[in-house]
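A.B. asks: Numbering (my numbering), first residue to last: 9 to 320. Please read through the structure below; I'll follow up with questions.
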Ligand code: NDP
């Protein structure tokens with residue numbers, strides 16, 4: 009049987025839960041579907057040091073449990089399930105959960121976040137779970153006292169390299185440019201850690217190993233006269249090269265940019281479809297911070313409230 013919902017929230021990161029807190033306090037009786045990764049991307053990281061209100065920092069999983077508990081306190085109906093299809097050409101909007109359950113929603117808040125990117129090498133598939141990972145926090149433990157490489161030059165790569173250096177005997181940081189994009193504080197952590205060796209201007213050609221990763225072939229200064237092939241012996245290969253917005257299921261109806269980030273109105277989380285709002289990393293190609301996601305979740309819930317009041 010089709011269920012009718014006033015406010016459907018898709019996603020359980022800071023954007024989704026903040027939208028839930030605001031929507032439930034506004035009596036919109038929100039239903040939140042958690043999606044594939046309950047608690048969102050932050051559950052894949054270690055400590056959060058830059059979310060206001062935690063002067064000593066906080067464990068990311070604890071913070072997300074607190075977000076959830078706060079949404080539950082105001083009676084948000086939190087459910088497990090993944091949105092597999094939508095029809096936003098009708099009103100109320102139709103949303104299919106796990107390929108079977110049909111929901112009719114007066115308003116929809118998309119807060120599906122973003123997922124880790126891979127380089128696109130065949131070897132990443134070949135050695136997936138056998139040395140290749142996109143989550144140091146999840147898999148770092150398996151590489152204690154071993155040698156690993158992290159690909160990327162942003163905050164994630166630096167954070168993951170620093171975390172892995174606390175477990176592993178050595179960490180290579182493979183950076184394609186001659187500089188790091190990460191914030192200064194993260195860069196300093198990397199440069200001051202003697203277990204981390206930064207390989208600037210290196211790109212990965214492939215991985216090798218009998219069953220598990222045993223090494224990587226890199227190219228230094230690709231295309232330059234002094235181009236060089238470099239071989240590193242590693243047990244683990246961690247990707248930290250950014251994220252892809254989880255907007256594919258909505259693209260039939262919702263406008264996105266060329267990278268797939270949902271386009272919203274200036275200053276407001278409105279999409280091109282009335283009654284459908286987007287919050288958090290799925291609509292944020294620039295800042296991608298938990299605090300920004302939370303703020304946009306708040307705005308989306310306030311917009312949903314306004315929309316429902318106007319379309320009684
Ligand atoms: P970023 O987009 O900031 O960085 C991605 C990195 O991966 C860049 O160095 C980029 O290189 C590199 N890269 C991308 N594609 C490839 C490729 N095909 N081959 C090799 N290298 C590649 O993503 P992050 O995930 O690091 O950060 C996202 C956002 O989250 C940022 O705003 C960041 O500040 C924030 N963040 C904050 C943290 C904190 O404050 N605690 C922790 C983690 C993230 P290039 O520079 O050449 O483009």
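Positions of the beta carbon are idealized from the N, C-alpha and C atoms, including for glycine.
1. Hey, quick one: how far does the alpha helix (DSSP H) through residue 211 stretch, first residue to last?
2. Quick check on the DSSP output: the beta strand (DSSP E) that includes residue 102 runs from which residue to which?
3. Indicate, with yes or no, if ligand 1 has a heavy atom lying under 7 Å from the CB of residue 94.
4. What are the start and end residues of the alpha helix (DSSP H) that includes residue 170?
5. Please state if the CB of residue 89 and the CB of residue 19 are separated by a distance shorter than 8 Å.
6. Residue range of the alpha helix (DSSP H) that residue 292 falls in?
7. Determine the direct distance from the alpha carbon of residue 85 to that of residue 15, and round the result to whole angstroms.
8. In chain order, what residues of the same chain have a beta carbon less than 8 Å from the beta carbon of residue 269, not counting five sequence neighbours either side?
9. So which of 34, 9, 10 has the shortest CA-CA distance to residue 317?
10. I'd like to confirm something about residue 162: is its beta-carbon nearer than 7 Å to some heavy atom of ligand 1, or not?
11. With a threshold of 16 other CB atoms inside 10 Å of the CB of residue 99, please say whether the residue is buried or exposed.
12. Is the stretch 158–165 touching the stretch 239–249 in the sense that three or more CB pairs, one from each, lie closer than 8 Å?
13. In three-state DSSP terms, what is residue 262?
14. Just the C-alpha distance for residue 259 and residue 306, rounded to the nearest angstrom, thanks.
15. Can you grab the Cα-Cα spacing for the pair residue 128 / residue 142, in whole Å?
16. Pairs of beta-carbons, one from the stretch 163–172 and one from the stretch 182–191, closer than 8 Å: are there three or more?
17. In the DSSP assignment, the alpha helix (DSSP H) including residue 145 goes from what residue to what residue?
18. Need the endpoints of the alpha helix (DSSP H) that residue 318 sits in, please.
19. Check for me: the alpha helix (DSSP H) holding residue 70 runs from which residue to which?
20. What residue range is occupied by the uninterrupted alpha helix (DSSP H) comprising residue 87?
21. Comparing the CB of residue 250 with every heavy atom of ligand 1, is any distance shorter than 7 Å?
22. Is the stretch 194–204 touching the stretch 220–228 in the sense that three or more CB pairs, one from each, lie closer than 8 Å?
23. Can you tell me which of the three DSSP states residue 118 falls into?
24. Within 7 Å: the Cβ of residue 287 and any heavy atom of ligand 1?
25. The alpha helix (DSSP H) spanning residue 25 covers which residue range?
26. Buried or exposed: residue 210, going by 16 or more other Cβ atoms within 10 Å of its Cβ?
27. Is the beta carbon of residue 47 less than 8 Å from the beta carbon of residue 56?
28. How about residue 165: is its Cβ closer than 7 Å to a heavy atom in ligand 1?
29. Answer yes or no: do residue 242 and residue 207 have a C-beta to C-beta separation smaller than 8 Å?
C.D. replies: According to the structure data:
1. Where residue 211 is concerned, there is no enclosing alpha helix (DSSP H), although the beta strand (DSSP E) it sits in stretches over 210–216.
2. 101–105
3. no
4. 163–173
5. no
6. That residue, residue 292, is in no alpha helix (DSSP H); it is neither H nor E in DSSP.
7. 11 Å
8. 253, 255, 290, 291, 292, 293
9. 34
10. yes
11. exposed
12. yes
13. coil
14. 23 Å
15. 13 Å
16. yes
17. 144–147
18. 298–318
19. 68–81
20. Looking at the DSSP string, residue 87 is not in any alpha helix (DSSP H); the run it does join, the beta strand (DSSP E), is 85–87.
21. yes
22. no
23. strand
24. no
25. 22–33
26. buried
27. no
28. yes
29. no
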